[in-house]
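Everything below concerns the one structure shown next.
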Amino acid sequence: MSGRTTETELARIGLSESDLDRIATFASTPRYARDPEMLLPDDHEKPSSER
Numbered sequence: 001m002s003g004r005t006t007e008t009e010l011a012r013i014g015l016s017e018s019d020l021d022r023i024a025t026f027a028s029t030p031r032y033a034r035d036p037e038m039l040l041p042d043d044h045e046k047p048s049s050e051r
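With full-length UniProt numbering applied, the sequence shown covers 1 to 51.
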């Protein structure tokens, strides 16, 4: 078992691989250096319906 969530599980909970990467980066950043905007997707990652 790899410990990573499968693509099917990610789709079911509404997270993409890039969402997980962003969350992991935020969690691994020291608390004093965290910026809440780190969790927001870049404009190019948003679906066209949200732009």
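By construction, the Cβ of each residue, glycine as well, lies at the ideal position given by its N, Cα and C atoms.
Quick one: grab the DSSP three-state call for LEU40. coil
Going by DSSP in three states, LEU15 sits in which element: helix, strand or coil? coil
ARG34 versus ALA24: straight-line alpha-carbon distance, rounded: 12 angstroms
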